Amino acid sequence: MSKLYASLSWRLLRVWRRDWLVTRRSWLIGFLTPLLEPVLYIASLGFGFRLLIPEIQYEGQSLTYVVFMAPAIIATNIMYTAFMENSFSSFVRMYYQKTYDAIMATPLSVDEIIAGEIVWGATKSLMTATIMTAVLSVCGLVHYPTGLGIIPLAFLGGLLFGCIGMIFTGVVQSIEMFNLPIFLFITPMYLFSGTFFPLENLPDWARLIAWILPLTHLVTLARNLCLGTITLFQILIHGAYLIITIALLFPVALKVMRRRLIK
Amino acid sequence: MLQKDDLYSSKTLIPFPAMAITVIEADHLRKCYDEFTAVDGVSFTVQQGELFGLLGPNGAGKTTTIRMIYGFSPYSGGSLKVFGEDITTHWRSIRTRIGVCHQDNSLDEEISVRDNLEIFAGFFGIPRDIARSRTTKLLEFFGLENREKLNVKALSGGMMRRLALARGLINEPDLLILDEPTTGLDPQTRHQLWDRLAQLKQQGVTILLTTHYMEEASLLCDRLIIVDHGKILVEGRPRDLISKYVGNKVIENSPVCAELRDYVIAHALDHEDLGHRMLIYCKDNEAIFDEITRSYCHDHCILRMGTLEDVFLKLTGRELRE
Chain A
203 MSKLYASLSW RLLRVWRRDW LVTRRSWLIG FLTPLLEPVL YIASLGFGFR
253 LLIPEIQYEG QSLTYVVFMA PAIIATNIMY TAFMENSFSS FVRMYYQKTY
303 DAIMATPLSV DEIIAGEIVW GATKSLMTAT IMTAVLSVCG LVHYPTGLGI
353 IPLAFLGGLL FGCIGMIFTG VVQSIEMFNL PIFLFITPMY LFSGTFFPLE
403 NLPDWARLIA WILPLTHLVT LARNLCLGTI TLFQILIHGA YLIITIALLF
453 PVALKVMRRR LIK
Chain B
5 MLQKDDLYSS KTLIPFPAMA ITVIEADHLR KCYDEFTAVD GVSFTVQQGE
55 LFGLLGPNGA GKTTTIRMIY GFSPYSGGSL KVFGEDITTH WRSIRTRIGV
105 CHQDNSLDEE ISVRDNLEIF AGFFGIPRDI ARSRTTKLLE FFGLENREKL
155 NVKALSGGMM RRLALARGLI NEPDLLILDE PTTGLDPQTR HQLWDRLAQL
205 KQQGVTILLT THYMEEASLL CDRLIIVDHG KILVEGRPRD LISKYVGNKV
255 IENSPVCAEL RDYVIAHALD HEDLGHRMLI YCKDNEAIFD EITRSYCHDH
305 CILRMGTLED VFLKLTGREL RE
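First to last, the protein sequences are chains A and B. According to this note's numbering, the residues represented by the first sequence are 203 to 465, in order. According to this note's numbering, the residues represented by the second sequence are 5 to 326, in order.
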């Protein structure tokens, strides 16, 4: 019986459209962050760290810290945007606003609602990543045309972290409980995925752990796209990781949300 | 003021009771959770154009029943057909023809009144220009036309309720499901809503209503059921239920003297003794009232009409629920 109202179709775009229209009403707040965040990072890292870390060795290249760090700002933003959208924001819609209850009285299935939300989260990642890339391009930190690869990458990464956020939305009892996955999962990833320092500096066992974490793959792709050093091999390996993980987590997200919503 | 016939634009409904078409058909319908049976073998039908009431104390199974009808909760046993089709297999086409107004308003509070309706129209795949014109009509119908640009959180409780109702009508439903639509509303808003529901009913819209206000149910419902502990206690027209279970006249005494108790028992009168208050269901025998006022409690004794509330309390008991 739990599979009853579960079917997936293009109608998920109606949920996507709802989220888009609601967000558009408060676009200024939504898009000010990705506009200002990279500026703050670059000001801090560029001026503050310049004397501490004059140059950094990454895959045989010698880079300034800002050049090394800038793509990681985009990658972590892709992670945070989709994760927050499908955890906190989706939870508010589900639990407090009862938006899903209302939509479940229309010709939409639970799966379409959840898929629409995840695709929306990925779209939001795409939009904020594009804005950030544009800002960093002005500072001359993005190499083109490879830099354009950030746009599809943001969508893919958004799908992945959206699925993860949605899985937590399906299982947490209260909104405060999101602090747990953030503390145990998101924050460690933010620190240990080759964001602030090259993974080459880590011992082998720590590098292995880093390679299991999804953000590592997002950071590696984003960095090489921005530096213009991307190889086909990197695209295949890291792309495959992202796609396979999405394929595994998306059905889990649908399943836990079905269990939560169909009473 | 909008003409009532204008509200539904794209289709003509057959006014009740041109022919009997069954809209909802529940047969031994059951809903079980792990340890608990919320709905326990409920059978009823609702005909097109009827305003059908679903009454019962809290926890009786009203909302669960409603949720099964619009395909939110899968049913555990029996059968449930809406518009002649099984909800399990035809939920999508059935939901295009249903409008629901939930107990919670579930509105998008951060966006405007108009946006709430137009975005909701999108879930039904209603084209944008039609959504726009329907929104205009519905806002007018519910007296919200001057608030369309306001954010929902700026509305009063009554206005939010009207907006939730307007949203339930955005797809011009053949069946409108209202779960306690008037709870928490002031008398003015409540009367206006009753008026609107009567207009919709006149257009042939079938309405399923749950409410805790018995006055509302007797005024609006063609037929109703009273459920408790997941089972139907009675089914019928409000007037018929009143004359059958309590009679048209009720004598209320408060406080009750011992002599009156003896008198009621000696004459085997149908009554309810609530300690400091006694209800005597005297049917149409007003002579009893004369005798009681004359011989027992002349000051604190009133004769009034029997109500649906009497029926409800008599059948479901007076102890608190939940």
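Beta carbons are placed, not taken as given, at the ideal position from N, Cα and C, and that holds for glycine. Just so it is clear, the structure is predicted and the values come from calculations on it, not from any experiment.
- In the three-state reduction of the DSSP assignment, B:Thr311 falls in the coil class.
- Using a C-beta cut-off of 8 Å, the stretch 98-114 of chain B makes no contact with the stretch 446-464 of chain A, since fewer than three inter-stretch Cβ pairs fall below that distance.
- Contact of B:Val43 with chain A is not assigned, every C-beta pair being separated by 7 Å or more.
- Within chain A, the residues Thr308 and Pro309 have their CB atoms less than 9 Å from the CB of B:Thr100, given in chain order.
- Counting only runs of 4 or more residues that sit fully inside the stretch 16-73 of chain B, the alpha helix (DSSP H) segments are 66-73, in chain order.
- Among the residues facing chain B, A:Val224 is included, as its CB has a counterpart in that chain under 7 Å away.
- With contacts defined as CB atoms closer than 7 Å, A:Gly250 and A:Val268 fail to qualify as a contacting pair.
- In terms of Cβ geometry, B:Ala42 and B:Gly234 form a close pair [threshold 7 Å].
- Under the 7 Å criterion on CB atoms, A:Ala304 is classed as interfacial with respect to chain B.
- When Cβ-Cβ separations below 7 Å define contact, A:Arg220 makes contact with chain B.
- Inside the stretch 73-143 of chain B, DSSP marks whole beta strand (DSSP E) runs of 3 or more residues at positions 81-86 and 102-105, from first to last along the chain.
- Secondary structure note for A:Asn279: its alpha helix (DSSP H) is the uninterrupted segment Tyr267 to Met286.
- A Cβ-Cβ distance of about 10 Å is found for the pair B:Met163 and B:Asn109, leaving them out of contact under the 8 Å criterion.
- Burial state of A:Phe363 is buried, judged by a 10 Å Cβ sphere holding 16 or more other Cβ atoms.
- The Cβ-Cβ distance between A:Trp218 and A:Val321 falls below 7 Å.
- Using a Cβ-Cβ cut-off of 7 Å, B:Arg132 does not count as an interface residue toward chain A, since no Cβ of chain A sits closer than that to its own.
- At least 7 Å separates the CB of B:Ile28 from every CB of chain A.
- For a cut-off of 8 Å, the C-beta gap from B:Thr67 to B:Gln107 is around 7 Å, short enough to register as a contact.
- Looking at B:Cys286, B:Gly82 and B:Ala168, the one whose alpha-carbon comes closest to that of B:Phe124 is B:Ala168.
- Under DSSP, B:Asn155 forms a beta bridge with B:Ser116.
- When A:Ile369, A:Phe387 and A:Gln263 are compared, the shortest CA-CA separation from A:Phe293 is found for A:Ile369.
- Scanning A:Gln436, A:Pro390 and A:Leu338 for the CA closest to the CA of A:Glu239 turns up A:Leu338.
- Using a CB distance cut-off of 7 Å, B:Asp294 does not count as an interface residue toward chain A.
- When Cβ pairs closer than 8 Å are counted between the two stretches, the stretch 289-298 of chain B is seen not to touch the stretch 24-35 of chain B, the count staying below three.
- In the same chain as A:Phe398, and ignoring 5 residues on each side of it, the C-beta atoms closer than 8 Å to its own belong to Met271 and Ala274, in chain order.
- Relative to the Cα of B:Glu256, the nearest Cα in the group B:Asp314, B:His271, B:Val238 and B:Thr214 belongs to B:Asp314.
- Ranked by how close their Cα comes to the Cα of A:Thr431, the residues A:Gly349, A:Gly441 and A:Leu393 have A:Gly349 in first place.
- Neighbours of B:Arg34 across chain A, judged by C-beta separation under 7 Å, do not exist; the nearest C-beta is about 12 Å away.
- For the pair A:Trp212 and A:Glu314, the Cα-to-Cα distance works out to about 8 Å.
- Annotated three-state conformation of A:Leu415 is coil, per DSSP.
- Here the stretch 77-96 of chain B does not lie against the stretch 143-154 of chain B, with fewer than 3 beta-carbon pairs under 8 Å apart.
- At a cut-off of 7 Å, the C-beta of B:Arg96 has a neighbouring C-beta in chain A.
- If you compare the alpha carbons of B:Arg281, B:Leu142, B:Tyr285 and B:Ala158 with that of B:Gln203, the shortest gap goes to B:Leu142.
- Distance from the CA atom of A:Pro256 to the CA atom of A:Ala424, rounded to whole angstroms, is 22 Å.
- Taking 7 Å as the upper bound on Cβ-Cβ separation, chain A lies near residues Tyr74, Gly75, Phe76, Ser77 and Pro78 of the stretch 68-84 of chain B.
- Segment contact: the stretch 306-322 of chain B against the stretch 259-269 of chain B, fewer than three CB-CB distances shorter than 8 Å; contact not assigned.
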